[in-house]
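Below is one structure, written out as structure tokens, with a few remarks after it.
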Amino acid sequence: MEDSVKSISKDDLKSCTNLYIKVFNSEPWIENWSYEVAQERLEDLFHTPKFLGYTLYSDNHLVGFIAGNQKKTPRGAVFYIAEFCIDSEIQGKGYGSKLLESLEDELINRNVSSVYLLTSNEGLAERFYMKKKYSVNENRIVMKKNLC
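What follows is the structure in structure tokens.
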């Protein structure tokens, strides 16, 4: 089995969209993504300034991707992971670790000081990040207001 990590290109967006829908419309997320909405979300992210993203293919089959964007702060550059998904049928086999490590290696090369992300609490995703030495930021909270 041959794995390859490469930078996301415009040509990957269709495959990434299909994988995104498969992952996030399934357990534990159970969201209701249509192709059009997921495609627009990923295309918008792809065109964000300072975008960086990677795909992971195993035997020429897309198994996951990670993407986000870099931002400047008074303390230096930081990176926000906006999307990260691995095919739910093959999670737990090291693919997520491989993608995250590839991203982190590039961010270190770019002198990025910190990585931020949002995920659901008390689930497999949170445990994955904790194993990778991510921590809950006690200085920040997520707030929401429903407008309609």
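Residue 1 is where the sequence shown starts when you use UniProt numbering, and the numbers rise one by one after that. All C-beta atoms, glycine included, are put in the ideal place defined by N, C-alpha and C.
| Asked | Found |
| --- | --- |
| Buried or exposed (CB count within 10 angstroms, at least 16 for buried), residue 73 | exposed |
| Contacts around residue 123, its chain only, beta-carbon distance under 6 Å, and the 5 residues preceding and following it disregarded | 28 |
| Runs of alpha helix (DSSP H) lying entirely within the segment 22 to 79, each at least 4 residues, in chain order | 35 to 46 |
| The beta strand (DSSP E) enclosing residue 87, as first and last residue numbers | No beta strand (DSSP E) contains residue 87, which DSSP labels as neither H nor E. |
| Buried or exposed by the 16-neighbour rule on C-beta atoms within 10 Å, applied to residue 148 | exposed |
| Other residues of its chain near residue 6: CB distance less than 8 Å, five sequence neighbours each side excluded | 54, 55, 57 |
| Residues that residue 98 bridges to, as DSSP identifies them | According to DSSP, which records beta bridges pairwise, residue 98 is partnered with nothing at all. |
| Residue 100 versus residue 30 - alpha carbon distance | 23 Å |
| Endpoints, alpha helix (DSSP H) assigned at residue 124 | 124 to 131 |
| Cβ separation of residue 41 and residue 77, assumed to be a contact under 8 Å, to the nearest whole Å | No, residue 41 and residue 77 are not in contact; Cβ-Cβ is about 24 Å, not under 8 Å. |
| Where residue 134 sits in the DSSP three-state scheme | coil |
| Bridge-paired residues (DSSP) for residue 81 | 68, 117 |
| Coarse secondary structure for residue 9, derived from DSSP in three states | coil |
| Selection from 52, 35, 43, 3 that minimises the alpha carbon distance to residue 105 | 52 |
| Residue 98 classed as buried or exposed, judged by whether at least 16 other C-beta atoms fall within 10 angstroms | buried |
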